[in-house]
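Each residue of the sequence shown is one higher than the one before, counting from 1 in my numbering. Everything below concerns the one structure shown next.
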Amino acid sequence: RPRALATNRKRETPRMRPSALARQTLHAPARRVCRPRDGPASSPRMTSRIARAVAPADIDLPNPAAIYDVCDEESMLYGPANTFAIKPDDLIVRCKTVLKNGFANIAGDLAEDFQFIGPVVGPLPAKAFVKAVGGFDLTQGFPDMKSNYYHFRVDPYETNRVWFTNRTTGTHTGKLAGRFEATGTRVECPPQALSMTFNAEGKVTKITVGVVMDRTLGNTGGLGGVFGLFNAIGSPLPFPEARPWKMSKRYRLFQWIGRLASRGNDD
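Structural data, given as structure tokens:
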């Protein structure tokens, strides 16, 4: 009888095992790219190579009919064309170091020609920026605030510039700006694009912030930066730029004319 059981086991249909390429496709991005790491920052070059390893061989070939062409980031960042003094991987570490030290302690990291630029703020020179961030502590109003930075990468066209993204979250449990009492509102900001530009000495020459990448996400009314925080707690700042986007009368008229024209073409 044991022999019969053994025979029956042999006749069972074996489980399908994924190929090596399939295993790499399924596991490599999640293990090496998406999962947060506590160790040293992963190399952008490694991420790029993993992406290519699982893509069709001709995926980066141009298609003029679709206006599709992909830059060779590998050669632009790591080849002889990049003459910037600080290499891409080191520049990302430098950017993270400045962020980790905090804007309140950023004065020594700023170049003389520094500029701070937001969608409707600035450019602010170094002194004005340091004064502004030094007197405004968001953590007093949002003790549990997190920036949630991710997707750090060096711009292949400006190899002295690091782009990154954040999705700020926090709960309004403290007094904000010394006058806005706690509301208990859990704020979730939409993803925002930020950048930090450096000179050859590693000093910051420009910071850009607050560019919302998808205004339908979060609960700030599509606003980024501090404008979004104030709007989310029900106390928007008193000017149009600090309010959620609203279609102008001229734009509504323009769209109405467009719909009429489209209807006439269909007829």
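Quick reminder that beta carbons are idealized off the backbone N, C-alpha and C, glycines included.
field: Spatial distance of F164 from Y149 (CA atoms)
entry: 7 Å
- prompt: Would DSSP call V121 helix, strand or coil?
  reply: coil
message: Suppose the cutoff is 7 Å on Cβ atoms and the five residues either side in sequence are ignored; what does the same chain contact list for I257 look like?
response: none
8 Å contact criterion, which P190 and L217 should meet: CB distance rounded: 4 Å
task: Could you tell me the boundaries of the beta strand (DSSP E) in which K206 lies?
output: 204–212
- request: Output the boundary residues of the beta strand (DSSP E) element that contains G218.
  value: Segment: none, G218 is in no beta strand (DSSP E) and carries neither H nor E.
- request: Determine the closest residue to G273 out of L77, E241, D137, with distance taken between C-alpha atoms.
  value: Because the chain in this structure spans residues 1 to 267, residue 273 falls outside the shown range and cannot be described.
- prompt: In terms of DSSP beta bridges, what is T197 paired with?
  reply: R161, K206
message: Tell me which residue opens and which closes the alpha helix (DSSP H) that R94 is part of.
response: 88–101
task: Look up R263 in the DSSP assignment and say whether it is helix, strand or coil.
output: helix
Opposing strand residues paired with T180 [DSSP bridges]: Rather than Thr, the amino acid found at residue 180 in this sequence is Phe. F180 pairs with L176.
message: Check whether chain B comes within 8 Å of K146, counting only Cβ atoms and requiring the distance to be less than that.
response: Here chain B cannot be found, since the structure has a single protein chain.
- request: Please classify K100: is it buried, with 16 or more other beta-carbons within 10 angstroms of its beta-carbon, or exposed?
  value: exposed
task: Along the alpha helix (DSSP H) that carries F268, what are the first and last residues, could you check?
output: Residue coverage of the chain in this structure runs from 1 to 267, which leaves residue 268 outside it and unanswerable.
- prompt: Going straight from the alpha carbon of R31 to that of R153, what length do you get?
  reply: Because the pLDDT of R31 is 38, which lies under 50, any placement of that residue in the model is unreliable, and the question is left without a value.
- request: Tell me G170's beta-bridge partners as DSSP assigns them.
  value: V187
task: Please work out which residues of its chain come closer than 6 Å, Cβ to Cβ, to L176, disregarding the five sequence neighbours upstream and downstream, and give them in chain order.
output: G141
task: For my contact list, V204 and I92 are in at a C-beta cut-off of 8 Å; report their separation, rounded to the angstrom.
output: Not really, about 14 Å apart at Cβ, beyond 8 Å.
- prompt: Beta carbon of N160, beta carbon of T197: below 8 Å?
  reply: yes
message: Can you tell me whether M16 is buried or exposed? The criterion is at least 16 other CB atoms within 10 Å of its CB, across all chains shown.
response: Note that M16 scores 42 on pLDDT, short of 50, meaning its location in the model is unreliable; the coordinates nonetheless yield the value given after this. Answer is exposed; the Cβ neighbour count stays below 16.
Identity of the residues DSSP links to F152 by a beta bridge: In the DSSP output, where bridge partners are listed per residue, F152 has none listed.
query: Quick one: Cα of K249 to Cα of R259, how far?
result: 15 Å
- request: Could you have a look at L110 and say whether DSSP puts it in helix, strand or coil?
  value: strand
field: Alpha-carbon to alpha-carbon, M76 and L21
entry: Interpretation of L21 is limited by its pLDDT of 39, a score under 50 that renders its predicted location unreliable; the figure taken from the coordinates is listed afterwards. Roughly 28 Å between the two C-alpha positions.
query: If you follow the alpha helix (DSSP H) that L77 is part of, which residue opens it and which one closes it?
result: 73–78
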